[in-house]
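Protein chains in written order, with the numbering used here: chain F, 10 to 163; chain S, 2 to 429.
Structural data, given as structure tokens:
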């Protein structure tokens with residue numbers, strides 16, 4: 010079930026759109042913001058709310074890389090893996106992250122604290138290598154700064 | 002002093018100007034001027050005369066695009082604007098500077114194009130990761146409504162405009178104009194067949210202008226100072242200034258507003274501070290991931306559309322990725338090709354099937370498992386996935402760094418083949 014709060018937020022987006030189903034990505038974003046990820050149940054709820062079939066909603070949800078269709082931890086780490094960051098040492102940063110967190114790309118720490126994901130160019134090429142945690146952008150990130158950054162997220 | 006219409010009011014590490022502060026430094030002057038009695042078609046003519054070409058990558062003449070929108074009482078309504086702030090081209094971070102630094106300048110540009118094409122509603126399409134940009138844009142829109150720059154009957158002119166922010170959820174293909182339109186309609190961002198082109202049939206089947214963030218930020222100064230002033234800012238044939246960026250192993254990566262047509266050398270050496278100590282330049286991608294490599298033989302080329310094209314590449318987004326001599330060119334091309342393979346929308350076969358295959362061949366080469374026939378296969382595919390064979394420009398763009406790397410760095414590919422390993426990686 011969508012909460013009243015989720016419904017209200019989705020309706021705010023719909024007010025700008027001439028067609029209800031055009032709010033599909035907005036609705037997915039709203040639900041994910043509240044629940045961290047989008048479950049099968051949420052896909053069905055969004056479909057009913059927008060007058061779409063669940064398959065239609067899922068075809069959109071699975072297209073967009075930042076809609077999570079599997080559970081993620083409390084904080085998502087998005088590590089940029091594009092050209093400028095790769096030149097500036099992204100492979101070393103990934104090694105470092107995997108060692109610190111004890112997980113690989115696509116995995117979540119046992120305490121549910123972090124999920125480690127790669128992301129296409131973050132548009133922070135002047136601060137490479139860069140990563141985002143939740144809404145926060147960091148760069149350049151190296152061995153000397155990584156621990157201090159991770160500590161900010163419980 | 003050099004004129005910097007795009008960044009003159011941006012102070013690094015400070016909050017952007019509020020609507021009130023922006024007005025005090027002359028902001029929204031273009032809106033006052035046009036609503037005070039310039040006909041919409043005359044605004045479009047000014048932009049045509051200014052020589053402004055789109056800053057999103059393709060360089061289409063902006064005024065010409067606006068001129069395709071049906072005008073008059075018989076035109077379909079509502080008409081829309083989709084502002085492209087997807088900025089996902091690897092190496093590109095210029096629109097972020099503008100969105101975060103002066104959102105009211107973008108709103109002023111939005112008002113100008115909306116008046117010129119008499120459109121009703123604008124959507125600012127922002128990539129998911131631009132959280133700060135989205136927050137600042139929403140704040141600025143709120144201020145602009147409160148001070149009467151947006152909404153109904155702006156300045157008592159009878160002209161009305163609504164602006165909304167749409168935050169996306171990932172995928173490079175959203176930056177393709179018809180992919181963006183599908184995404185704004187809540188669909189998968191697969192590009193649409195063209196024609197019809199968006200200015201005639203776009204969002205929800207209605208006329209839709211699509212413009213890049215930087216393009217629209219150029220527009221207010223054209224209206225205020227005139228097309229000739231804008232042309233004179235440039236050192237080449239294309240008008241205006243350009244927000245150039247440099248990333249890679251240079252001393253000072255960053256973005257700078259400079260006259261259009263500034264040379265590669267001046268940008269790399271004076272503004273980016275040259276290569277880091279001990280490194281030398283092997284080549285560079287002048288305008289993002291989907292542009293051809295150029296080399297140190299091209300340092301005196303002007304960074305404008307015509308000059309870069311003559312040198313064998315494209316200006317693209319005007320943000321340069323530098324390849325140094327301690328970075329493997331094959332590894333870099335592999336990184337770029339993996340990106341394009343991952344970001345293909347999967348709609349048409351050459352792109353969906355071809356790009357992963359090329360990534361796999363490049364991966365074998367980089368890992369010392371290449372075959373003698375691989376370079377020929379790569380070369381063939383730069384033609385098979387080139388212009389005319391795919392639905393949109395993604396795959397042809399992906400071929401540009403491969404084709405040019407095979408030309409400029411052929412010996413490096415062959416060293417991988419001969420030595421059965423990457424010479425840049427330590428043995429063992």
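For each residue, glycine too, the CB sits at the ideal point set by N, CA and C.
Burial state of residue 181/S (16 or more Cβ within 10 Å): buried
According to a CB-to-CB cut-off of less than 7 angstroms, which residues of the stretch 25–56 of chain F neighbour chain S? 25, 27, 28, 30, 31, 32, 33, 34, 37 and 38
Listed by chain order, chain F residues near residue 336/S by CB distance under 8 angstroms: 90, 91, 92 and 95
Across the stretch 91–102 of chain S and the stretch 315–327 of chain S, are there enough close Cβ pairs to call them in contact, namely three or more that are closer than 8 angstroms? yes
Could you pull out every residue in the same chain whose Cβ sits closer than 7 angstroms to the Cβ of residue 92/F, ignoring the five residues on either side in sequence? none
With residue 272/S as the anchor, note down where its beta strand (DSSP E) starts and where it stops. No beta strand (DSSP E) contains residue 272/S, which DSSP labels as neither H nor E.
In chain order, which alpha helix (DSSP H) runs of at least 4 residues are fully inside the stretch 40–117 of chain S? Here the runs fully enclosed are 41–50, 63–68, 95–102 and 104–117.
Does residue 285/S get closer than 7 angstroms to chain F when you measure Cβ to Cβ? no
With a 10 Å radius around its C-beta and 16 neighbouring C-beta atoms as the bar for buried, classify residue 103/S as buried or exposed. buried
With DSSP as the reference, label residue 258/S as helix, strand or coil. Strand, per DSSP.
Beta bridge counterpart(s) of residue 318/S as assigned by DSSP: According to DSSP, residue 318/S bridges with nothing at all.
Excluding the 5 residues preceding and the 5 following residue 5/S in the sequence, name in chain order all residues of the same chain whose CB lies nearer than 8 angstroms to its CB. 242 and 258
By alpha-carbon positions, which one of 211/S, 396/S, 222/S and 325/S ends up nearest to residue 55/S? 211/S
Limits of the unbroken alpha helix (DSSP H) element including residue 222/S: 214–226
Compare the C-alpha of residue 238/S against each of 62/S, 26/S, 38/S and 424/S and name the closest. 62/S
What residue range is occupied by the uninterrupted beta strand (DSSP E) comprising residue 142/F? 140–142
Do you know whose CA, among 352/S, 120/S, 166/S and 47/S, lies nearest residue 73/S's CA? Ranking 352/S, 120/S, 166/S and 47/S by Cα distance to residue 73/S puts 120/S first.
Please name the residues in the stretch 61–74 of chain F whose beta-carbon is closer than 8 angstroms to at least one beta-carbon of chain S, in chain order. 68, 69, 72, 73 and 74
Using DSSP with H/G/I as helix, E/B as strand and the rest coil, what is residue 85/F? strand
Cβ pair count under 8 angstroms reaching 3, the stretch 78–90 of chain F against the stretch 136–156 of chain F: Because the criterion of three Cβ pairs below 8 angstroms is met, the stretch 78–90 of chain F and the stretch 136–156 of chain F touch.
Just to confirm, is the Cβ distance from residue 45/S to residue 68/S under 7 angstroms? yes
How should residue 435/S be labelled, buried or exposed, when 16 other C-beta atoms within 10 angstroms of its C-beta is the threshold for buried? Outside the displayed span of chain S (2 to 429) sits residue 435/S, for which this structure offers no information.
Could you name the residues of the same chain whose beta carbon sits closer than 7 angstroms to that of residue 26/F, not counting the 5 residues immediately before and after it, in chain order? 32
Look up residue 126/F in the DSSP assignment and give the residues it is bridged to. 87/F
Note the first and the last residue of the continuous alpha helix (DSSP H) segment covering residue 137/S. Residues 132–147.
Counting only C-beta atoms, is residue 131/F closer than 7 angstroms to chain S at any point? yes
Is it right to say residue 152/F is buried, meaning 16 or more other beta carbons lie within 10 angstroms of its own, or is it exposed? exposed
DSSP state of residue 420/S mapped onto helix, strand, coil: helix
In chain F, which residues lie with their C-beta within 8 angstroms of the C-beta of residue 436/S? Look at the range of chain S in this structure, 2 to 429, and you will see that residue 436/S is not part of it.
Determine, using beta carbons only, whether residue 29/S comes closer than 7 angstroms to chain F. no
Hey, is residue 404/S's beta-carbon within less than 7 angstroms of any beta-carbon in chain F? no
Quick check on residue 104/F - is its C-beta less than 7 angstroms from some C-beta in chain S? No, because no Cβ of chain S sits closer than 7 angstroms to the Cβ of residue 104/F.
Just the Cα atoms here: how many angstroms apart are residue 115/F and residue 125/F? The C-alpha of residue 125/F is placed about 6 angstroms away from the C-alpha of residue 115/F.
Excluding the 5 residues flanking residue 153/S on each side, which residues of the same chain have their C-beta closer than 6 angstroms to its C-beta? 161
Using a Cβ-Cβ cutoff of 8 angstroms, what residues of the stretch 128–140 of chain S are near chain F? List them in chain order. Taking 8 angstroms as the Cβ-Cβ cut-off against chain F, the residues of the stretch 128–140 of chain S that qualify are 128, 129, 130, 131, 132 and 133.
Closest to residue 18/F by CA distance: which of 50/F, 48/F and 55/F is it? 55/F
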